[in-house]
Amino acid sequence: MIIDNGVVDALADETLGPCHKSVPPAAWGHTVREYLASAPELAQWPTPLLTLDRGRLDANRALMAGWTAAAGVALAPHGKTTMAPQLWREQLDAGSWAITLATAWQAQLARSFGVGRIMLANTLVDPVGLAWVATESARDAGFEFFCWADSVATVELMDKILRDAPPSPRVRVLVELGGPHGRTGARTRAEGRAVAAALRASERLELAGVAGYEGALAHDRGIAGLAAVRDYLGELAALHGELTCPGAAVVTAGGSAYPELVVAELAALADDTTTVVLRSGAYLVHDDGFYAGISPLAAPAVEPGLRAAMHGWARVVSRPEPELALLDGGKRDFPFDEGLPVPQLVVGADRALPAAASITALNDQHAFLRLPGAEATDLPVGSIVRLGLSHPCTAFDKWRLIPVLDSVDAARPRVVDLIRTYF
187 MIIDNGVVDA
197 LADETLGPCH
207 KSVPPAAWGH
217 TVREYLASAP
227 ELAQWPTPLL
237 TLDRGRLDAN
247 RALMAGWTAA
257 AGVALAPHGK
267 TTMAPQLWRE
277 QLDAGSWAIT
287 LATAWQAQLA
297 RSFGVGRIML
307 ANTLVDPVGL
317 AWVATESARD
327 AGFEFFCWAD
337 SVATVELMDK
347 ILRDAPPSPR
357 VRVLVELGGP
367 HGRTGARTRA
377 EGRAVAAALR
387 ASERLELAGV
397 AGYEGALAHD
407 RGIAGLAAVR
417 DYLGELAALH
427 GELTCPGAAV
437 VTAGGSAYPE
447 LVVAELAALA
457 DDTTTVVLRS
467 GAYLVHDDGF
477 YAGISPLAAP
487 AVEPGLRAAM
497 HGWARVVSRP
507 EPELALLDGG
517 KRDFPFDEGL
527 PVPQLVVGAD
537 RALPAAASIT
547 ALNDQHAFLR
557 LPGAEATDLP
567 VGSIVRLGLS
577 HPCTAFDKWR
587 LIPVLDSVDA
597 ARPRVVDLIR
607 TYF
């Protein structure tokens, strides 16, 4: 079983209330299913608000599923981006090989929804988490779990922890290769080979392949950044060639910012015994900021291309200066670590904001919208502004329930689903 449809479907039976941020009082006391049956509209929701776009989600998901299939690589989307089992199910139904996660708790949450194959893109040396993996693997022989290790000391610690755990199948571990000034990961292939040797010698662990994250080595598409990513992926491929796994092997890299480089350097490694796995996390939601600027699959560079499926909505609550508007959404509502929100249009006015308009700062619950020039007076208190956002990973964690619109571009967008998140 890839995911338990019954458990996911049961989310529609949750009762709405004031504990759900920005859900309108008219919905309180109704289940999600009952509320959606009333054909609600976006205009009935208060601000601030984060929304998703159903058409764009579907198009982005289909684009990446087709692109990876054509490239001959598997896709294990990073579930930490959304922490939304409903969206995980859609990705798995579209052919994803697994769900990637980052912590033992996230993996436990995924298992509670029946996810059958999990890639933990991290080292697992927490005793509680590792004991849980052993117990869960013993309970369900069909459960597939992978995690990483980047040093011999890590392998030795994992072994020590598992000696006190119940007997279970060996835990599959990938050797993590890093890069200079990067994040985690063995810094040389020689160190990686030593980790592999320690895994082969273990009685509770199994060498399952190689892994890494190229996104830690560059943050743009400059010549130096692209070269660093290519060189690193070449080292990852070389390490794979130097290792022999006792069973089927996995070679995995990230892939939201540089998917075409991952495919170019690693796809040829896929064969009857090796699965090459791309762990892209941002593609489903995409954005109007960092990923819109760096992804080679983004529209309009590629058509139809990935398009932003998330937007913010905030209301003007103050005009204290001629060229300043204060909106009612801030750091508690919208992401800001990879770029501030971008004002796109005034709702109901059928017009975009002037190009010079910009969000210059966020407080906890306010955004500073600067409006230089003659257009500044044409935004009265009470106006609603649609915002483009950057970085889905730090957008979803601010919302427990996110409305999905039929189309963000519709004259009167309808709410067609509510996505439950777990953070």
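Numbering-wise (this note's numbering), the sequence shown opens with residue 187 and increments by one. Cβ coordinates follow ideal geometry from the N, Cα and C atoms, glycine included.
Contact fails between the region 318-328 and the region 359-367, because fewer than three Cβ pairs, one in each stretch, are under 8 Å apart.
Contact between W585 and K266 does not hold, since the beta-carbon distance rounds to 15 Å and is not under 8 Å. Bridge pairing for E227: R600 [DSSP]. Annotated three-state conformation of C579 is helix, per DSSP. Annotation for D239: the continuous beta strand (DSSP E) segment containing it runs L235 to D239. A residue is called buried once 16 or more other Cβ atoms fall within 10 Å of its Cβ, and H405, having fewer, is exposed. In the structure shown, the three-state DSSP call for V301 is coil. The count of Cβ pairs closer than 8 Å, one atom from the region 527-539 and one from the region 568-575, reaches three, so the stretches are in contact. Taking a cut-off of 8 Å on C-beta distances, the region 371-386 touches the region 341-353, as three or more cross pairs fall below it.
Rounded to the nearest angstrom, the Cβ distance from T254 to L464 is 6 Å, consistent with a contact under 8 Å. Secondary-structure assignment with DSSP links T461 through a beta bridge to V436.
Sorting H577, F299, D336 and G408 by C-alpha distance to the C-alpha of L197 places F299 at the top. Taking the C-beta atoms as reference points, D417 is found no nearer than 8 Å to G371.
Annotation for A494: no alpha helix (DSSP H) segment contains it, and DSSP assigns it neither H nor E. Here G498 carries a strand assignment [DSSP, helix/strand/coil]. E446 has its alpha-carbon roughly 25 Å from the corresponding atom of G378.
Non-local C-beta neighbours of D523 in its own chain, meaning closer than 7 Å and more than five positions away in sequence, comprise H577 and T580, ordered along the chain.
Judged by DSSP in its simplified three-state form, L470 adopts coil rather than helix or strand.
By the CB criterion at 8 Å, G491 and G515 fall outside the cutoff.
Put simply, of L513, R501 and D583 the residue whose alpha carbon is nearest the alpha carbon of A229 is R501. With the rule of 3 Cβ pairs closer than 8 Å, the region 265-279 counts as touching the region 459-476.
In the DSSP annotation of this structure, E509 is not part of any beta strand (DSSP E), being labelled neither H nor E.
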